[in-house]
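**Q**
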Amino acid sequence: MNHSFYSADRMTHLKIVVVALVAAIGVAGFGISARLSDTGLTQTAKVTGPALKANKAVVITSSEQSAIR
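My numbering puts the sequence shown at residues 1119 to 1187.
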């Protein structure tokens, strides 16, 4: 068994490439199947009244520091 990637022979490099390719295809397949079967978890908004309009921006500040005079 050769423990160095740089001095490995051609067959060892081919095995590494094949294992990486199979793993990548497996992860991609799992992701696609999980995405396609995720149909029951969608959320929809309930419309119960009129839409609200945005008013002017309001700035609210507070300070915990006491004023010493």
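All C-beta atoms, glycine included, are put in the ideal place defined by N, C-alpha and C.
Under a three-way DSSP split, which group does residue 1126 fall into?
**A** Three-state DSSP puts residue 1126 in coil, outside helix and strand.
**Q** Tell me the DSSP secondary structure of residue 1178 in three-state form.
**A** It is coil, neither helix nor strand.
**Q** In three-state terms, what does DSSP make of residue 1133?
**A** Reduced to three states, the DSSP call for residue 1133 is helix.
**Q** So what does DSSP say about residue 1146, is it helix, strand or coil?
**A** Here residue 1146 sits in helix by DSSP.
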